[in-house]
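Once you know that position 116 of the sequence shown is 116 in UniProt numbering, the rest is easy, because the numbers rise by one and skip nothing.
The C-beta atom is built at its ideal place from N, Cα and C for all residues, glycine as well.
See below for the structure under consideration.
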Amino acid sequence: MLNGLVAYERGHGIDVNYKPFSLLLNNEEGEVIGVLNAYTAFAEIYIDDIWVDEAYRGQGHGRKLIEALEMQFEGEGFNNINLVTSAFQAPEFYKKCGFSVEFVRENKKNPQLTKTFFVKYFADETQTQGIFES
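Structure representation (structure tokens):
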């Protein structure tokens, strides 16, 4: 199935460009205190999870992970970074990091599970990822 999907997209000049990765943040002792899990797909980067050890929260480490992601991919031909967070998680944090609300999917039965979809566009408008050169 995957080969068929990739072949279909390739036939339209589109590169799936799926690559999962993680960024790790270590303390002075080399212990992992933060992790950002994400993947590239087409011309976008999708953040799956951000975790910072409870003892290190509120000290700017989550922002450092996002900034590291942005620095790694700025100028590499990607269009934007996407993420989804629940109301009980960190929607205000992502706004402070420069993400814009794209839309909200309300959960009327359990408002804590209301999802906010965020996007942040790269300043460089040259998009080379997700397409094949013709």
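Same chain, Cβ closer than 6 angstroms to residue i, neighbours up to 5 away in sequence not counted
i: I47; result: A38, L83
i: A68; result: L23
i: F132; result: G13, D15
Coarse secondary structure for residue i, derived from DSSP in three states
i: Y8; result: helix
i: E28; result: coil
i: A38; result: strand
i: K115; result: strand
i: Y121; result: strand
i: F99; result: coil
i: N17; result: coil
i: R105; result: strand
i: E67; result: helix
Residue environment, residue i, which counts as buried when at least 16 other CB atoms sit within 10 Å
i: F103; result: exposed
i: L24; result: exposed
i: F118; result: buried
i: F99; result: buried
i: V52; result: buried
i: L5; result: exposed
i: G30; result: exposed
i: L2; result: exposed
i: G11; result: exposed
Residues of its chain near residue i, where Cβ-Cβ distance is below 7 angstroms and the 5 sequence neighbours each way are ignored
i: E54; result: none
i: N17; result: T40, A41, F42, Q129, G130
i: K19; result: Y39, T40
i: N80; result: E44, V119, K120, Y121, F122
Rounded Cβ spacing between residue i and residue j (contact assumed at less than 8 angstroms)
i: A90; j: Q112; result: Wrong, their Cβ atoms sit about 13 angstroms apart, outside the cutoff.
9 angstroms Cβ cutoff, residue i in contact with chain B
i: G13; result: Absent from the structure is chain B; it holds one protein chain and no more.
Near the ligand GDP: residue i beta-carbon under 8 angstroms from a heavy atom
i: V35; result: In the structure shown, the ligand GDP is absent, as is every other ligand, since no ligand is present at all.
I want to know whether the segment 73-81 touches the segment 112-131 - three or more CB-CB distances under 8 angstroms.
yes
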